Amino acid sequence: MIAKQRPYQYYDSTISICGTCHRRVDAKVVFQDGCVWMLKRCPEHGPDRILLADDIAYYKLARENFTKTPEQVLTPNTPVRYGCPYDCGICPDHEQHGCTLLIEVTDNCNLRCPTCYANSGPERVQHRSLEHIERMLDRAVANEGEPSIVQISGGEPTIHPQIIDILEMARARPIGHLMVNTNGVRIANEPGFAERLKEAAPGLEIYLQFDSLHADALKTLRGTDLRNVHGRAIEKLNELDIHTTLVATVRRGVNDHELGEIIEYATQQSCVRGVTFQPVQAAGRLEQYDAGYDKERDRLTLTEVRRRILEQYPIFAPEDLIPVPCNSDHLAMAYALKLKSEIMPLTGLVDPDFLIDAGRATITYETEPEIRDYFLQLFSTHHSMESQTDAMQQFLDRLAAKPNESLGYENVFRVLIVEFADAHSFDLRSIRKSCVHIVHPDAERVIPFDTYNMFYRDELERERLEPLRSQSHLPMTGPISLARYQNRQGLRP
Amino acid sequence: MNASPQSMASCCASLYELPIVEQLLGGSFHPGGVVLTRRLASAALISPDSKVLDVACGAGSSARVITAEFGASVIGCDFSAFSLERAKSTATAEASSSSPTFVRAAAERLPFESGSFDVAICECSLCLFESKDLVLEQIRRILRPGGRIGISDFFLSRPAPENLTGLLSRVLCVGGAVSLADYRQSLSEAGFKFVRIREANQALLEMSRRVRHKMRSLTATGLAELPDAWGDPMSVLLDLEQFISSGGAGYMLAVGRRP
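Protein chains in written order, with this note's numbering: chain A, 1228 to 1720; chain B, 9 to 267.
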């Protein structure tokens, strides 16, 4: 007799949340038809199935091989009381410090994009005061000591009337790398503004919203054709040589066919250090969808974005675009060397163990001197011939033609995929490693980007989270991770 | 067309049909087995949306892995009626929701429309064909623009010592095995771009060690006898391992893209 078989391979169980009511629900992770699915059931809204990845081998590689010892914030800010994800702030059970901290200095925006996780727009007139922002910056420093990356964000931070003062305040603090998250409109339109930014914060990086090179995609995602804005902003940033990362929100069927084209464009701009691709997170404002956002039709996962990049920009091979160990489920990265406008992938040449072991858990290795030195050393000398691979050989052949080239940050080119979890894809195991954090406007808490947009932004905490907390059947008496489990002896009473 | 399909692999096709060989090699006849198949599939960007041709699929173990684990629709083709019979009967026995399709065809004359596949793989077989160039040209034809070819095969970095030539030509079919540079050149002459070659020599070493250990236990327990004609295969395998370890030969995965 043949036993009845599941149509899938069972892989794991986890906790998710219901995509409708956001309560904690049991979930399974299974493999079927080459894809990774999450199966879950809400007592009220029934069973559900979510695509987590369409590449089982990559999913397993990221989860099982690209892990590292978690790094912690200096002191957690909130107690464990209701269970994850109802205690964010950072709670003592979070398993990663903040690699990148966002400080939202305003809710106001000079665009009203159909896609906006923050629900920003011209109708929201609230700018935070300097004193308020100062407290938020201090919270970032208190949590991280020396935050690796702080992004001044919003809303549109460049239209804050005191943006220059804000940058100076940030510069006065021990922040590794300072970025401004902007749509580029003010940089493009106001002569002298980019100069003021550069003067206020030398070394500043512009994190420039740049979804598409085409009018129709820009209209769908941003409500307006921003090509001229992009063109003028990039021209300015090139002229002043201000470090710039292009950030593309990727939506299925809208701009996911032009990822290679965006990378190609980026490599031609002297100011651009890389491109970050973010598939749309189902949070905040999601307009311009036929009959509303449909998770079956519209979701796009990290592995799909990764494959599109590899298909559309074949200079990168799969081993060049690898999981980032601090939060390997949701971050993938390719490093390349940018010589003039030529791109040489590097990540595939580096032993993954090195990426896992060395440096702090942060998503931009080049800000860590040790790793930066390793890259620059590896690729400016010939001593690594012994670890020669076919790719290395080609690389060195080319480098030999430019023996006196000295390499710096302007030669680093980075492609990053950042997939934020939403209520659909929420996996508690993974959410605990979330490492892009938002400083709450209360300046008391720092909250993972993913859960912030699910539970903590604006009125969500009161309207969505409070009722769930009051129904929680998981009153917690304290964190799972205790200091007394530091060693084996600590396990004994 | 100068190579008749019948002439291809005459050196070893019958060898691979011997039961003892299957006992020694297990279900997957190429070095690295399923693990390298997965690596090749990932390197060639096989996804659930891909239509894949497995050229010289043998008994179909790779085609089944790619169907089951990558969710792709796979057609396996092979010229050996014997292998295809095995492939088809295994697929029926497993009766999973989706199975590969198997077709009898010569690699030099692929009976498929031009541009009809996203990916073609050819594992440990290219060096069996008398005209590699003809096979590569056929594969290029059936791939769509942007489609990928994935090859795994032996390579030689220097001429093999005399005691290994018998093994290499009659068993591993690499009498005319070529260097990495030759593979690169063949692929680019066939019109493939963005060719990337990865070495997987460890897989070859492990395969040789595993076969050697199996030979030892099979003969020691009397469960099977090695054909007399094989001479002293265990010492030949040891020599082979030394040759590989010293960089004389290896196994590689190559991926290229049809422009």
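C-beta atoms are modelled at their ideal positions from N, C-alpha and C, and glycine is treated no differently.
Please read these numbers as outputs of a predicted model, since none were measured by experiment.
- Which bits of chain A does Phe202 of chain B rub up against, with CB to CB less than 9 Å? Pro1541, Ile1542 and Ala1544
- Task: Compare the C-alpha of Asp1239 of chain A against each of A:Leu1558, A:Pro1384, A:Trp1264 and A:Pro1675 and name the closest.
- Result: A:Trp1264
- Message: Is Arg1534 of chain A close to chain B? Criterion is C-beta to C-beta, closer than 7 Å.
- Response: yes
- Leaving out five residues on either side along the sequence, give the residues of the same chain with a beta carbon under 6 Å from the beta carbon of Gln146 of chain B. Leu118
- Quick one: using the 10 Å Cβ neighbour count with 16 as the cut-off for buried, is Leu1709 of chain A buried or exposed? exposed
- Item | Closer than 7 Å to chain A by CB, Glu77 of chain B | yes
- Item | chain A contacts made by the region 52-72 of chain B, where a contact means CB separation under 7 Å | Leu53, Ser55 and Pro56
- Residues, ordered as in the chain, of the region 1275-1305 of chain A that lie near chain B by beta-carbon distance below 8 Å: Asp1281, Asp1282, Ile1283, Ala1284 and Tyr1285
- Item | Where Leu1529 of chain A falls, given that 16 or more other Cβ within 10 Å makes a residue buried | buried
- Quickly, what does DSSP pair Trp1264 of chain A with across the bridge? List them, please. A:Val1257 and A:Leu1278
- Query: Is there a Cβ from chain A that is less than 7 Å from the Cβ of Ser50 of chain B?
  - Reply: yes
- Taking the alpha-carbon positions, what's the Lys222 of chain B to Phe251 of chain B distance? 21 Å
- For the beta strand (DSSP E) that contains Leu1643 of chain A, what are its first and last residues? Val1639 to Val1645
- Distance, Asp240 of chain B Cα to Asp1547 of chain A Cα: 44 Å
- Message: Give me the subset of the region 1249-1267 of chain A whose CB atoms are less than 9 Å from a CB atom of chain B, sorted by chain position.
- Response: Phe1258, Gln1259, Asp1260, Gly1261 and Cys1262
- Whether Asp1452 of chain A touches Thr1476 of chain A by CB criterion (7 Å): no
- Member of A:Gly1501, A:Leu1527, A:Ala1518 and A:Arg1524 whose CA lies at the smallest distance from the CA of Leu1564 of chain A: A:Gly1501
- Query: Looking only at C-alpha atoms, which of B:Ala64, B:Ser55 and B:Ser253 sits nearest to Asn160 of chain B?
  - Reply: Asn is not the amino acid found at residue 160 of chain B; the sequence shown has Ser there. Residue B:Ala64 is the option with its Cα nearest to Ser160 of chain B.
- Any beta strand (DSSP E) of 3 or more consecutive residues that is wholly inside the region 1351-1411 of chain A: 1376-1380 and 1404-1409
- Message: Mapping the DSSP letters down to three states, classify His221 of chain B as helix, strand or coil.
- Response: helix
- Message: If I measure Cβ to Cβ from Asp1483 of chain A and keep anything under 6 Å in the same chain, skipping five residues before and after, which residues do I get?
- Response: Val1477 and Arg1535
- Query: In the DSSP assignment, what are the bridge partners of Thr1241 of chain A?
  - Reply: A:Ala1254
- Message: Any beta carbon of chain B sitting closer than 7 Å to that of Leu1537 of chain A?
- Response: yes
- Task: Tell me whether Asp1677 of chain A sits in a helix, a strand or coil according to DSSP, three-state version.
- Result: helix
- Query: Does DSSP put Thr1503 of chain A in a helix, in a strand, or in coil?
  - Reply: strand
- Boundaries of the beta strand (DSSP E) in which Asp1204 of chain A is found, first to last residue: Nothing in the structure corresponds to residue 1204 of chain A, since chain A is present only between 1228 and 1720.
- Task: Counting only runs of 4+ residues fully inside the region 1291-1351 of chain A, write out the alpha helix (DSSP H) ranges in chain order.
- Result: none
- Message: DSSP three-state label for Met1703 of chain A, please.
- Response: coil
- Task: Check distances from the C-beta atoms of the region 121-155 of chain B to those of chain A and list, in chain order, the residues that come in under 7 Å.
- Result: Gly154
- Query: With burial defined as no fewer than 16 other Cβ atoms inside 10 Å of the residue's Cβ, what is the status of Lys1201 of chain A: buried or exposed?
  - Reply: No answer is possible for residue 1201 of chain A: it lies beyond the span of chain A, which begins at 1228 and ends at 1720.
- Only counting runs of 3 or more residues, tell me where the beta strand (DSSP E) segments fall wholly within the region 39-75 of chain B, in order along the chain. 59-63
- Query: From the beta carbon of Arg265 of chain B, is the nearest beta carbon of chain A less than 7 Å away?
  - Reply: yes
- State yes or no: is the C-beta of Ala1460 of chain A within less than 7 Å of the C-beta of Ile1393 of chain A? no
- So what does DSSP say about Thr1451 of chain A, is it helix, strand or coil? coil
- Message: Could you compute how far the alpha carbon of Pro1429 of chain A sits from the alpha carbon of Ala1367 of chain A?
- Response: 21 Å
- If you pair each beta-carbon of the region 1328-1345 of chain A with each one of the region 1656-1673 of chain A, do three or more pairs fall below 8 Å? yes
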